[in-house]
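Start counting the sequence shown at 0; every next residue gets the next number (numbering that gives the first Met the number 0).
Ideal Cβ placement from N, Cα and C applies to all residues, glycine included.
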Amino acid sequence: MMRTANPALNAKVFNQARSFGVGESMTIQGTVNKAGFLLFLLVASASWVWGKAFEPQPMFETIGEVQRTGISSAVGGMIALGAIGGLITAFITIFKKQWSNVTAPIYAIFEGLMLGGISSYFEMKYPGIVLQAVALTFGTLFCLLGAYKSGLIKATENFKLGIVAATGAIFLVYMVGWIMSLFGGSIP
């Protein structure tokens, strides 16, 4: 077992988890199937809120100009419901791990409500930014789920090393760029 200071990943947690699924083995296929289902729930609830945000809103006139009122209060309520509901569901899952087969889908729906609302707000403010980010993020996830499900990817030690190295390099470049931007510079 790896050494970590994260309380969610210590040996005691994994020993307790063994008692929850007696007779059941965790498999890559089962994990991919469950992750895909949770992703579906998240995308469905996020899409629903996104659709609500871009429904025609009441307009008002000011000196001959028509302006959009912005994000509706219903969408703002969905953001709050998703955030608070997700937090409560996360705490329930932390303290009652055996309930995770019920709380995980609920959490995915709450997170979808929150992410769909926040994303619609930023899409209104900066048109185009969210669709690119969401398409790339979910596209990557769907491709990885498919690759794992088909057996195309085997998580060998060299594969893990390559992922950590590539991710670490990207992180370092972004951090250097961010620090340089604080002083008026940039990475060419």
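Counting along the chain, the unbroken alpha helix (DSSP H) around Ser72 starts and ends at Ser72 to Phe94. With fewer than 16 neighbouring CB atoms inside 10 Å of its own CB, Ile178 falls in the exposed class. Relative to the Cα of Met113, the nearest Cα in the group Gly81, Ile27 and Lys95 belongs to Gly81. Contact annotation: the stretch 111–126 touches the stretch 70–77, with at least three C-beta pairs closer than 8 Å. In this structure, Tyr147 lies near Val31, with their beta-carbon atoms less than 7 Å apart. Excluding the 5 residues flanking it on each side, Ile105 has same chain C-beta neighbours closer than 8 Å at Gly84 and Thr88, in chain order. Here Leu40 is near Ile108, since their CB atoms are less than 7 Å apart.
Distance from the Cα of Pro55 is smallest, within the candidate group Ser44, Ala103, Ser71 and Pro126, for Ser71.
In the structure shown, the three-state DSSP call for Ser185 is coil. DSSP places Asn9 outside both helix and strand once states are collapsed to three, so it counts as coil. If you draw a straight line from the Cα of Thr26 to the Cα of Phe94, it is about 24 Å long. When the five nearest sequence neighbours on each side are left out, the beta carbons in the same chain lying within less than 7 Å of the beta carbon of Ala34 are those of Leu144, in order along the chain. Taking every protein chain shown into account, the CB of Ser149 has fewer than 16 other CB atoms within 10 angstroms, so this residue is exposed. In the DSSP assignment, Met25 falls outside any alpha helix (DSSP H), carrying neither H nor E. A straight-line Cα-Cα distance of about 23 Å links Ala52 and Leu37.
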